[in-house]
Amino acid sequence: MVELEKTLQYAAERSPYYRQLFGGRVPAFTNVPTTDKKILSERTADFLCVPSEKLAEIVTTSGTTGAPIIYRLTAADLDRLAENERQSFECAGLSAADTVVLAVTLDRGFIAGLAYWLGLQKLGCRVVRVGPTPALITALVEQLHPTAIVAVPSTLRLLTGLTVAKAICIGEPVRNRDFSLNAAGQAIATGWNAQVFSTYGVTELASSLCECPAGNGGHLHEDLLHLEILDDAGQRVPDGEVGEVVATPFGVEAMPLLRYRTGDCAAVFREPCACGRTSLRLGPIVGRKNQKLKFRGTTLFPSALQGVLETTAGVDTFVIIARRQDELSDAVEVVVHGSVADPALRDALQGRAKCAPQIRHAPREEIEALQMPANARKRRYFVDLR
Ligand SMILES: [Zn+2]
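Numbering (the working numbering), first residue to last: 50 to 435.
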């Protein structure tokens, strides 16, 4: 792994954080301590390897969990970002023949929209920077007949009567753990008459992985990123088993990170893909590490329950609530509104999510208040009171 070694050496020489951490002795890569959002936000300046004159772009994370992180890129980092995204879109089968609507936020300090734009330009596509405004998306899709759209699933689900060949979905899951489309993925595939692709990116890694048309996980760009899946103790978990996504981007100039814990949980798969690529594939993100529930001796993610609730007849709306019970188990309550009978819902949850939480029926207003508390930016289906 020449790239991995180069990345390690560069960080050891140039990053004040890693120079201090290593104390003059560069460890083997597998012995490098992991880093995470907390360390990065507390010591951002110590991760910077270049003088400020060399910086070309400064972005920030959305800050849904904890303080936003300021991430800096040089011109070379922007080239790398463009190449990463070019490979991601190429993986989804896009080419210079495509007209692509970018229905995501292009400003507000975010990196994603910029990365997509750079990658699509590098691929030679025509790009329409529409942003996430539904009325404008509708008008321009009707007028320009794009072949692809890049958007957040909840934005796509708001719109009806539009079609596009490929819907590239970011930020929210569109697949279940077994790669089948979840409720959102199905709604988009049907509503837009589109092939659905999931793409996963992390600001601090300046990297993304996108699915190919086989839809069996995001293909790793092996020249740009190293991926590991680790358990809570920092040990590698076997392929196919869910753990935390830990990644090391290659060739980053301004803020290289080694073994960065993303906080996202997923599994990797190594068998060759139906598309012919042999690169590692990252399965659907099943949840954030801190959302993992302990339930009577097993662990599960709220997304597993959500997947069942979204597809059970008679469930109009719902919210999942977790409370701390004791060391071994969390108390999990599913609050639903709809005509579904408790035994039917219990069977569905037990059968498909292997979990029998408490079930409580409540008025729609009560559930919606839990989903959208004052100052919430986004509807939530999981409330963590632990
Ligand atoms: Zn593939």
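Quick reminder that beta carbons are idealized off the backbone N, C-alpha and C, glycines included.
Just checking residue i against ligand 1 - is the residue's beta carbon closer than 8 Å to any of the ligand's heavy atoms?
| i | result |
| --- | --- |
| E277 | no |
Mark residue i as exposed unless 16 or more other C-beta atoms lie within 10 angstroms of its C-beta, in which case mark it buried.
| i | result |
| --- | --- |
| K215 | buried |
| V51 | exposed |
| K86 | buried |
| N231 | buried |
| M304 | buried |
| Q355 | buried |
| A353 | buried |
| I334 | buried |
| S256 | buried |
| D379 | buried |
| R308 | buried |
| I107 | exposed |
| E277 | buried |
| P351 | buried |
| D281 | exposed |
| H386 | buried |
| H260 | His is not the amino acid found at residue 260; the sequence shown has Glu there. Buried: at least 16 other Cβ atoms inside 10 Å. |
Tell me, to the nearest whole angstrom, how far the beta carbon of residue i is from that of residue j; I am working on the premise that it is less than 8 Å.
| i | j | result |
| --- | --- | --- |
| G289 | F318 | 6 Å |
| V381 | L342 | 6 Å |
| S328 | E271 | 5 Å |
| R226 | G234 | That pair is no contact at about 13 Å. |
| I369 | F299 | With a Cβ gap of about 38 Å, I369 and F299 do not count as contacting. |
| F96 | Y66 | 5 Å |
| A263 | C322 | 5 Å |
| G292 | L279 | 5 Å |
| T297 | L53 | 7 Å |
| A145 | C174 | 6 Å |
| L167 | L127 | 7 Å |
| V384 | T361 | With a Cβ gap of about 14 Å, V384 and T361 do not count as contacting. |
| G245 | V213 | Checking the sequence, you will find Val at residue 245 rather than Gly. The pair is not a contact, with the Cβ atoms about 11 Å apart (cut-off 8 Å). |
| Q340 | D433 | 7 Å |
Does any residue of chain B have a CB that is nearer than 9 Å to the CB of residue i?
| i | result |
| --- | --- |
| C218 | Chain labels in this structure do not include chain B; a single protein chain is all it has. |
Could you say if the region 344-352 and the region 306-313 meet the contact criterion of at least three C-beta pairs nearer than 8 Å?
no
Got a list of residues with beta-carbon closer than 5 Å to any non-hydrogen atom of ligand 1, in chain order?
C261, A263, C322, C324, R326
Below 8 Å, how does it come out for the region 249-263 and the region 155-164: are there three or more Cβ pairs, yes or no?
Contact holds: three or more Cβ-Cβ distances are below 8 Å.
Using a Cβ distance threshold of 8 Å, determine whether the region 176-191 contacts the region 145-155, with at least three qualifying pairs required.
yes
Using 8 Å as the threshold, is the region 65-72 in touch with the region 115-132, meaning 3 or more CB pairs across them?
no
Between the region 77-86 and the region 132-142, are three or more C-beta pairs nearer than 8 Å?
no
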